[in-house]
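J.:
Protein chains: 2
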Amino acid sequence: MAPKALDYESLNENMKKVQYAVRGELYLRASELQKEGKKIIFTNVGNPHALGQKPLTFPRQVVALCQAPFLLDDPNVGLIFPADAIARAKHYLSLTSGGLGAYSDSRGIPGIRKEVAEFIGRRDGYPSDPELIFLTDGASKGVMQILNTIIRGDGDGVRAMVIINPGNPTGQCLSEANLREILHFCYQENLALLGDEVYQQNIYQDERPFISARKVLMDMGPPISKEIQLVSFHTVSKGYWGECGQRGGYFEMTNIPAQTVDEIYKVASISLSPNVPAQIFMGLMVNPPKPGDISYEQFIRESKGILESLRRRARIMTDGFNSCRNVVCNFTEGAMYSFPQIRLPPKAIEAAKKAGKVPDVFYCLKLLEATGISTVPGSGFGQKEGVFHLRTTILPSEEDMPAIMASFKKFNDEFMEEHEDHRGYSRM
Amino acid sequence: MAPKALDYESLNENMKKVQYAVRGELYLRASELQKEGKKIIFTNVGNPHALGQKPLTFPRQVVALCQAPFLLDDPNVGLIFPADAIARAKHYLSLTSGGLGAYSDSRGIPGIRKEVAEFIGRRDGYPSDPELIFLTDGASKGVMQILNTIIRGDGDGVRAMVIINPGNPTGQCLSEANLREILHFCYQENLALLGDEVYQQNIYQDERPFISARKVLMDMGPPISKEIQLVSFHTVSKGYWGECGQRGGYFEMTNIPAQTVDEIYKVASISLSPNVPAQIFMGLMVNPPKPGDISYEQFIRESKGILESLRRRARIMTDGFNSCRNVVCNFTEGAMYSFPQIRLPPKAIEAAKKAGKVPDVFYCLKLLEATGISTVPGSGFGQKEGVFHLRTTILPSEEDMPAIMASFKKFNDEFMEEHEDHRGYSRM
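Residue numbers (our numbering), protein chains in the order written: chain H, 1 to 428; chain P, 429 to 856.
#1: Does the stretch 177 to 187 of chain H come close enough to the stretch 226 to 237 of chain H that 3 or more CB-CB pairs lie under 8 Å?
#2: Look up residue 818/P in the DSSP assignment and say whether it is helix, strand or coil.
#3: My assumption, with CB atoms under 8 Å, is that residue 329/H sits in contact with residue 338/H. Please give the rounded CB distance.
#4: Is any beta-carbon of chain H found at less than 8 Å from that of residue 833/P?
#5: Chain H beta carbons: is any one of them nearer than 8 Å to that of residue 616/P?
#6: Secondary structure at residue 143/H, three-state DSSP: helix, strand or coil?
#7: State the DSSP-derived secondary structure class of residue 271/H, mapped to helix, strand or coil.
#8: In angstroms, rounded to a whole number, what distance separates the CA positions of residue 496/P and residue 64/H?
#9: By how many angstroms is the C-alpha of residue 645/P removed from the C-alpha of residue 857/P?
#10: At the level of alpha carbons, what is the spacing between residue 587/P and residue 508/P?
#11: If you pair each beta-carbon of the stretch 312 to 321 of chain H with each one of the stretch 261 to 271 of chain H, do three or more pairs fall below 8 Å?
#12: Do the CB positions of residue 730/P and residue 560/P come within less than 8 Å of each other?
#13: Straight-line CA distance for residue 40/H to residue 721/P?
#14: Run through chain H and tell me which residues come within less than 9 Å of residue 630/P, C-beta to C-beta.
#15: Compare the Cα-Cα distances from residue 451/P to each of 107/H, 12/H, 90/H, 93/H and report the closest residue.
#16: So residue 43/H and residue 374/H are in contact, right, with Cβ under 8 Å, and what is the actual spacing, rounded?
#17: So residue 440/P packs on residue 152/H, CB below 8 Å; how close in whole Å?
#18: Going along chain H, which residues have a C-beta under 8 Å from residue 577/P?
#19: With a cut-off of 8 Å, does the C-beta of residue 671/P fall near any C-beta of chain H?
#20: Run through DSSP, which three-state label would residue 707/P get?
#21: Can you list, in chain order, the residues of the stretch 684 to 716 of chain P whose Cβ is nearer than 8 Å to any Cβ on chain H?
#22: Helix, strand or coil, according to DSSP, for residue 563/P in the structure here?
#23: What's the gap between the Cα of residue 71/H and the Cα of residue 246/H?
#24: What number of angstroms, rounded off, separates the C-alpha of residue 220/H from the C-alpha of residue 163/H?
#25: Counting only Cβ pairs nearer than 9 Å, list the residues of chain P close to residue 314/H.
#26: So, under 8 Å CB-CB, residue 26/H and residue 364/H are touching, yes? Tell me the CB distance rounded to an integer number of Å.
#27: For residue 192/H, which residues of its own chain have a beta-carbon under 8 Å away from its beta-carbon, when the five flanking residues on both sides are left out?
#28: Given that a residue counts as buried once 16 or more other Cβ atoms are within 10 Å of its Cβ, and exposed if not, what is residue 402/H?
#29: Given residue 426/H, which residues of its chain have a CB within under 7 Å of its CB, disregarding the five upstream and five downstream residues?
#30: Please compile the residues from chain H whose C-beta is within a distance smaller than 8 Å of the C-beta of residue 478/P.
#31: Helix, strand or coil: which one does DSSP assign to residue 776/P?
#32: Grab the span of the alpha helix (DSSP H) containing residue 841/P for me, first residue to last.
#33: Say whether chain P places a C-beta atom closer than 8 Å to the C-beta of residue 338/H.
#34: Could you compute how far the alpha carbon of residue 84/H sits from the alpha carbon of residue 295/H?
#35: Between residue 428/H and residue 102/H, what straight-line distance do the alpha-carbon atoms span, to the nearest angstrom?
#36: What did DSSP end up calling residue 117/H once you bin it into helix, strand or coil?
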């Protein structure tokens, strides 16, 4: 019989070729082990709430009230919600046309895009235009929209440069000088720049604060500041809010022609609208409680609690990795990942080959089976031949962290003992 | 200077070719007029809450509590939330791994996919497998996932048949005999069937209840029931819940090979996860309050109120259109649209040509300018040469409906008077 439309041999070949290491072989094996009853520590993806981080109270109060607008008329509402959360819920509901149950404009609610533009203006010192900001179901959806716009067909490479700052998977923060160099390069090579800046709140050292690509571009002045096409992405999933499950984000366009913006709008309209609750999270993230607001102190206390703990965890993890045999790791300056290099001895590479696995996948699978720690092999991000890494998040709870690192060390050092005839590598 | 990656001339040509009538020229013009201060009645898209429909209380209570889980420990929570909403919120939170802020599995939360499978089993009388159900950010995202799977490249037509039942834009309900014919045809022609069944709750006549394509397929028995590849779609946006802004839906696969399901899962994982709050809405929709529950009576009262009003509105609208000169309209048996045929006289077609517009677009633009009623021209859905329709929703509030239909009649009859030398068409 002829193959059917949804038989494997009939499928889109590009789809079959796709690989996504973050939820690839390692993740699938981890899910299987979890089903079999093994305790798994999912550090393959930046998903803070799944590892026990509590949501911030104020934004959740506001969105809960927006979901249940009938509470705003309840005489008892003040017993469990503070007045500023009630006022803010009324504010956001007034920006919608029909509350959270109505589709918004396909670019997102105009009033919230205005709040985003004001935030960008304050952050960079250059005004931002709400008409050039589109709200999205998370940053990845925004990236897909832009890539669909740029890529014309099979024959195209991507003519554009992508930076992730602060960085994923390496956790570095770019300096102003780095960003200038990148922008100069884009100008010379006539490249668009996609700036994934979803970790802009996650900074764990004071020496180098986050600077947006847009600010540096504007600082450089004409002609560069008028020429380089830049699209910047942000989200409620990352930062220290970690509201991944809500799926909210935005992208902002700089130096993109109006006709292109119209085309992006047209295509966005086929998806009708980004989800409305997450648009409100985005509004709250760019416009949090201010000094003097009833909820301000609690908000600051909770925020500091999370950020300071992340900073300590970044340190525990880096130090932990660096105490292991044949492992070296840079400090996580920002974002939420640690990316240790694993110096696999020839015998381990040989064993991996025998098992039909890429060497770092082999190592990570062994780590998973032995400890339940679910990581992403460095090869998933593209690596130089013969260099091996793994990516893990710094998100396990601070209490659990020493035990996790001890369990890693035990596994790693035994693995190296087994696969190395003598202690080969010196510490670099 | 060479064109840049995001200049209009560099963009993906397929993207430029895309047209989406529901948010096309008419919608853009309506948005402009609204900005200028004109009152617009947006009936171009099925967006009930935007036209004043109130959300159902119980599901909103549950999701509000899930957003603010700290309320579950508040001694005053019982003052503004009923006990069954509290219990249900605890139930759904227990199914997540980290509440609404954590990414779920890319297919959706397993416990909610199980509830969906149980609902399908009760509805059709045949068990459904949760592993073949994927939760999505609304039905349109699900449709895109499946089309991306089926279409291999530029050279491909779609090898598949699509039905919308109850129908959009025509509002018809398919009988069992209709569905059997369609399935026989798919079997003969080796076509996959995509069943858009998002309006399955919206039925406005008792003679013909909704029957799912899947039930008819299973009733037909082997070999057909084992052979036809069927994907069925549902959503929280439509039905009488109308929770469009939440962006929740699912698709269920029948007779799709496991290897294909794995590929769809892999690609879905790149988008990380559908938004979690809407997954809970989906769970609530397939598992609403039961007799004996505290919230049951209120839930039934609210549900009946909306459905009975929709039924009356369908009648007012059909009768209203049929009272207009050169307009004929079938009764809206289901879904949420009315699709009157507008018999445009030759002089109107001539005038449209002069204005450089497709005739029904010309008519709909005139209607918009005169009355503020924003509709979708029938040509946006594909039409026979010389036959003209428009699509409107039946969603304006029942109180507003008589005035809207009077305003339509006044416009239409004047338009016909202007463009017709004598009363040319007889009523069919």
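Using N, Cα and C, we set each Cβ at its ideal position, and we do this for glycine too.
T.: To lay it out plainly:
#1: yes
#2: strand
#3: 6 Å
#4: For residue 833/P, the answer is no, since every Cβ of chain H falls outside 8 Å of its Cβ.
#5: no
#6: helix
#7: Residue state, collapsed to three classes: coil.
#8: 6 Å
#9: The structure shown has nothing for residue 857/P, since chain P only spans 429 to 856.
#10: Approximately 53 Å, taken between the alpha carbons.
#11: no
#12: no
#13: The straight-line gap from Cα to Cα measures roughly 37 Å.
#14: The premise fails here: residue 630/P is roughly 16 Å from chain H at the closest Cβ pair, so nothing lies under 9 Å.
#15: Check the Cα spacing between residue 451/P and each of 107/H, 12/H, 90/H, 93/H: the tightest is with 107/H.
#16: 6 Å
#17: Between residue 152/H and residue 440/P the Cβ distance is about 5 Å, and since that is below 8 Å, they are a contact.
#18: 6, 11, 12, 15
#19: yes
#20: Note: residue 707/P maps to helix in three-state DSSP.
#21: 684, 685, 687, 688, 691, 694, 695, 697, 698, 699, 700, 701, 702, 703, 704, 705, 706
#22: strand
#23: 22 Å
#24: 18 Å
#25: Those do not exist, as residue 314/H stays about 21 Å from chain P at its closest Cβ, beyond 9 Å.
#26: 6 Å
#27: 150, 159, 160, 161, 186, 228, 229, 230, 231
#28: exposed
#29: Note that residue 426/H scores a pLDDT of 46, beneath 50, so its modelled location is shaky and nothing firm can be said.
#30: 97, 98, 102, 103
#31: helix
#32: 829 to 847
#33: no
#34: 7 Å
#35: Low per-residue confidence applies at residue 428/H: pLDDT is 39, beneath 50, and the placement is therefore not dependable, though the value from the model is reported in the following sentence. Rounded to the nearest whole angstrom, the CA to CA distance from residue 428/H to residue 102/H is 58 Å.
#36: Judged by DSSP in its simplified three-state form, residue 117/H adopts helix.
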